Amino acid sequence: MQFSIFTILIFYQTVTLSIPQFTEQYQGSSSRLTRHLLEKHNKCSPPDGRVDISHNIELVHIIGINELNQNMQVLVYIVQQWKDSSLTWKPEEFRGIKNTWLPENSIWIPDIIVFNTLEHKMLLDAVRSPIKVSYTGEVTYAYPAIYTVLCQIGIANFPFDDQVCKIRFASWAYDEDKILLNASHKPLLKNYAPNEEWALQDVNMARKEYEHEETVVSEIIYYIKVARKPFYYLISLVVPSYIICVLSIAGLFARFSTKHERQERFTLGVTAILSMAVLSLVVTEKVPHSSESVPLLIVYMHFIIIMVTIATILTSTVMRVHAKGFRTHFLSPPNWIRKGLFIARKHAAFFQQNGQVYMDIHTTAEQWGEVSRRMDYLLASVFIIIISTPTLYLFYMCFQMDHAAAERILLENAKRRDQLYY
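So the sequence shown is numbered by our numbering: it starts at 47 and just counts up by one.
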């Protein structure tokens, strides 16, 4: 009986010692390491002392800028690194494992948010996003996100405007004595995809302090400077407005006939003004409604509307001059008008018929008709030159601003710089 009990004890001890070895072989070192870390780590407690967080982003794409609502939407890759002493281990105890990955909801993560965000979308919410942990306790939290941030839009130079938008990262609850944010370099651009409307001009960052709810927190601000590509707006708005304006000027001062009934000129002028007013509404719907400044494109369109209005008013003056040749007193144009318009003087012609002498009144009418004709040519030329000058200047500004080339140079320099960090 004693022998049986002794045998049972030896068998039990053998089985007890064999179970851990069998479990280790079955689960593997990675599973043991995960269980080991989660047992000694408290995800509700931050690391002891001040936590220095290295915060860096990579700008991937500028999805768009909403001028009317004054916001910018961007796609970025974010990398946060910090040290947590409760997540350290000895690699030799776990078959040389130096890095492991833990679920996002199983360890402590700093509450870094974007302070000026309107909306954000975490692209890995539907995925079990792991966090890399090194045996030294260094934690690397990397994730992509889409942020819609507030951005004050300046419209004075539209469509030749530059905008500077900010992305402000900071902790919501921890002050700078507990969490200190640092950025080791400017935003990376190695995977940047250009935007069709906006050309990237510069990216920069700065570390500052921000106070909210009587708490001073550490803050990192990333600056994104972009310039609008204006060629689309010149083709879709400036060119149609210019064509309508030139055709209106040509129609207002065209010689429809030698008669004085030309009231259709006013109808043409009013129609042209209404057409350009409709085009200006397209611009006003694009930019913010501000009383501080007027967009350059709106100034241009109002200028040509005023020019067509003045031309329409001057048409009545030309019509009155043309009608003077048909009045009963048959006065010839004054000398200063003829000299100013380079019109040769014609004397009245007389002829005799049935023993009576008659004056040919067509000579005076022709002189006034020639005056009105020269006025048409002169005013049409002056107005076309006045309207063409700012239009050509807008195209000159467009071709002088080679934003695409500046963007290519920026991306090339950024790629060479980014190689230093990888």
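Backbone N, C-alpha and C fix where the C-beta goes; we use that ideal spot for every residue, glycine too. Computed from a predicted structure; not experimentally measured.
Problem set entry | Segment limits, alpha helix (DSSP H) that includes K461 | H449 to D464
Exercise. In angstroms, rounded to a whole number, what distance separates the CA positions of Y442 and E242?
Worked result: 21 Å
Exercise. Excluding sequence positions up to five away, which residues of its chain have a Cβ less than 8 Å from the Cβ of P286?
Worked result: L325
Exercise. For V328, which of D221, E416, V284 and K212 has the nearest alpha-carbon?
Worked result: V284
Problem set entry | Pick from T261, Q126, N112 and N145 that is closest to L83, judged by C-alpha positions | N145
Exercise. Going along the chain, which residues of its own chain have a beta-carbon closer than 6 Å to the beta-carbon of Q127, five neighbours each way excluded?
Worked result: S100 and T186
Problem set entry | Touch test, the region 103-121 against the region 219-239, Cβ-Cβ under 8 Å, three pairs minimum | yes
Exercise. Which of helix, strand or coil does DSSP assign to N162?
Worked result: coil
Exercise. So I143 packs on S75, CB below 8 Å; how close in whole Å?
Worked result: 6 Å
For this session: Since I believe Q116 is in contact with L196 (beta carbons under 8 Å), could you give me their beta-carbon distance rounded to a whole number of angstroms?
Result: 7 Å
Exercise. For the region 248-256 against the region 118-127, are there 3 or more C-beta pairs whose distance is under 8 Å?
Worked result: no
Exercise. So P190 is in the alpha helix (DSSP H); what residue range does that whole segment cover?
Worked result: Per DSSP, P190 belongs to no alpha helix (DSSP H); it is in the beta strand (DSSP E), E184 to L196.
For this session: Round the Cβ separation of I28 and T330 to the nearest angstrom and send it over; I've been treating them as touching at under 8 Å.
Result: Coverage of the chain is limited to positions 47 through 468, which leaves residue 28 absent and any answer about it impossible.
Exercise. How close, in whole Å, do the beta carbons of L314 and L298 come, if the pair is a contact with beta carbons under 8 Å?
Worked result: 6 Å
Exercise. Hey, quick one: how far does the beta strand (DSSP E) through Y220 stretch, first residue to last?
Worked result: Unbroken run through Y220: none, as it is neither H nor E.
For this session: Put V333 into one of helix, strand or coil per three-state DSSP.
Result: coil
For this session: Classify N102 as helix, strand or coil using the three-state DSSP reduction.
Result: strand
Exercise. Among E259, D98 and I199, which one has its Cα closest to the Cα of L114?
Worked result: I199
Problem set entry | Classification of V262 by the beta-carbon crowding that lies within 10 angstroms, buried from 16 upward | exposed
Exercise. Should G478 and T134 be called a contact, given that it needs their Cβ atoms to be closer than 7 Å?
Worked result: What is shown of the chain runs 47 to 468, which leaves residue 478 out entirely.
Problem set entry | Span separating the alpha-carbon of K136 from that of R463 | 35 Å
Problem set entry | Limits of the unbroken beta strand (DSSP E) element including L234 | Neither: L234 is in no beta strand (DSSP E) and is coded neither H nor E.
For this session: Closer than 6 Å by C-beta to T437: which residues in its own chain qualify, once you throw out the five before and the five after it? Chain order, please.
Result: Y288
Exercise. What is the DSSP secondary structure of Q116, reduced to helix, strand or coil?
Worked result: coil
Exercise. Roughly how many angstroms separate the alpha carbons of D248 and K275, rounded to a whole number?
Worked result: 15 Å
For this session: Using beta-carbon positions only, say whether K212 and I192 come within less than 7 Å of one another.
Result: no
Exercise. With DSSP run on the structure shown, which of helix, strand or coil describes F299?
Worked result: coil
For this session: Mark A219 as exposed unless 16 or more other C-beta atoms lie within 10 angstroms of its C-beta, in which case mark it buried.
Result: exposed
Exercise. Are A216 and E265 touching if we call contact CB-CB under 7 Å?
Worked result: yes
For this session: Could you tell me whether the Cβ atoms of I350 and C444 are closer together than 7 Å?
Result: no
Exercise. CB-CB under 7 Å to S152, same chain, minus the five flanking residues each way: which ones, in chain order?
Worked result: L84 and K89
Exercise. Would Y268 be called buried (16 or more neighbouring beta carbons within 10 Å of its own) or exposed?
Worked result: buried
Exercise. Is L327 helix, strand or coil by DSSP?
Worked result: helix
Exercise. Ordered along the chain, which non-local residues of its own chain (more than five positions away) have a Cβ less than 7 Å from that of N203?
Worked result: L342
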